[in-house]
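Asker: Going letter by letter, the sequence shown gives residues 0 to 142 in numbering that gives the first Met the number 0.
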Amino acid sequence: MRSLKVSDVMWNHIEPVRCGTPLTRVVKTLLQNHVTGLPVVDDQRHVLGFVSEQDCIHSLLVSSYHCEGDPIVDDVMFREPVTISPEMAVVDLAQNLGAGKPKVFPVVDHGKLIGIVTRTAILAELARAGCGIELPKFVSADD
């Protein structure tokens, strides 16, 4: 279990959000991929920020109430996201999770985004590997 790395449980199939993306498109991406947030990157995949469901909810409420048009991700993203290495042990990451901590972590190698890790993926892997729990078909470390 200790040898399991972030790279073993990260997702790399979800396209990150690019700067300048309309928030309505960000919401669609979050919902389609069943994630609570995504990194925001530039054209070279450098992580510039992070946008969460909560950021989108608040901004869309305000913009629709004031009829201000479609905000872009740059307006609402958190600009100092926590990133992790693909070599980090899953056990170490799991021990650092807690209240107020991110639910999605951008995985960065040599300064560039290579994937994300979610709390759900960590929980699923710990349950499968440590407890021998058979996971329902709709939950896996690969989702």
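Note that CB positions come from ideal geometry on N, CA and C, so glycine has one too. Treat the numbers as computed from the prediction; the structure is a model and nothing was measured.
With DSSP as the reference, label Leu96 as helix, strand or coil.
Answerer: Residue mapping note: residue 96 aligns to position 97 of the sequence shown, counting from 1. Leu96: coil per DSSP, three-state reduction.
Asker: Identify the continuous alpha helix (DSSP H) that holds Ser51 and give its terminal residues.
Answerer: As a first step, residue 51 must be located in the sequence shown, where it is residue number 52. Premise fails: Ser51 lies in the beta strand (DSSP E), Val46 to Ser51, not in any alpha helix (DSSP H).
Asker: Mapping the DSSP letters down to three states, classify Asp69 as helix, strand or coil.
Answerer: For the purposes of this step, residue 69 is identified with residue 70 of the sequence shown, where counting begins at 1. Under the three-state reduction of DSSP, Asp69 is assigned to coil, being neither helix nor strand.
Asker: With respect to 6 Å, is the separation between the Cβ of Ala123 and the closest non-hydrogen atom of the ligand ATP below this value?
Answerer: You won't find the ligand ATP in this model; it holds no ligand whatsoever.
Asker: Between the C-alpha atoms of Leu47 and Leu112, what's the straight-line distance to the nearest angstrom?
Answerer: Translated into the one-based positions of the sequence shown, residue 47 becomes position 48. Translated into the one-based positions of the sequence shown, residue 112 becomes position 113. One C-alpha to the other measures close to 10 Å.
Asker: Sort out for me which residues DSSP pairs Ala123 with in a bridge.
Answerer: Numbered from 1 along the sequence shown, position 124 holds the residue referred to as residue 123. Looking at the DSSP assignment, Ala123 forms no beta bridge with any residue, so it has no partner.
Asker: May I ask you to report which of helix, strand or coil DSSP gives Leu3?
Answerer: As a position in the sequence shown, residue 3 is number 4, starting the count at 1. Coil.
Asker: Kindly list the residues whose CB is nearer than 7 Å to the CB of Asp41, restricted to its own chain and excluding five residues on each side of it in sequence; keep chain order.
Answerer: By one-based count along the sequence shown, residue 41 stands at place 42. Same-chain partners within the cutoff: Cys18 and Leu47.
Asker: Rounded to the nearest angstrom, how far is the Cβ of Phe104 from that of Thr119, given a contact under 8 Å?
Answerer: Here the question's residue 104 lines up with position 105 in the sequence shown. Here the question's residue 119 lines up with position 120 in the sequence shown. Not confirmed; about 12 Å, so no contact.
Asker: Does DSSP put Ile113 in a helix, a strand or coil?
Answerer: By 1-based counting over the sequence shown, the position of residue 113 is 114. In this structure, DSSP gives Ile113 an extended state, which the three-state scheme calls strand.
Asker: Can you give me the start and stop residues for the beta strand (DSSP E) that Val39 sits inside?
Answerer: Counting from one through the sequence shown, the residue named residue 39 turns up at place 40. Element bounds for Val39: Gly36 to Val40.
Asker: Beta-carbon within less than 6 Å of Pro101's beta-carbon, same chain only, minus the 5 sequence neighbours each way: which residues are those?
Answerer: In the sequence shown, counting from the first residue as 1, residue 101 sits at position 102. Cβ neighbours of Pro101 beyond the five flanking positions: Val81.
Asker: Cβ atoms of Val89 and Leu22: under 7 Å apart, would you say?
Answerer: What you label residue 22 is simply residue 23 of the sequence shown in a count that begins at 1. What you label residue 89 is simply residue 90 of the sequence shown in a count that begins at 1. No, these two residues do not count as a Cβ contact at 7 Å.
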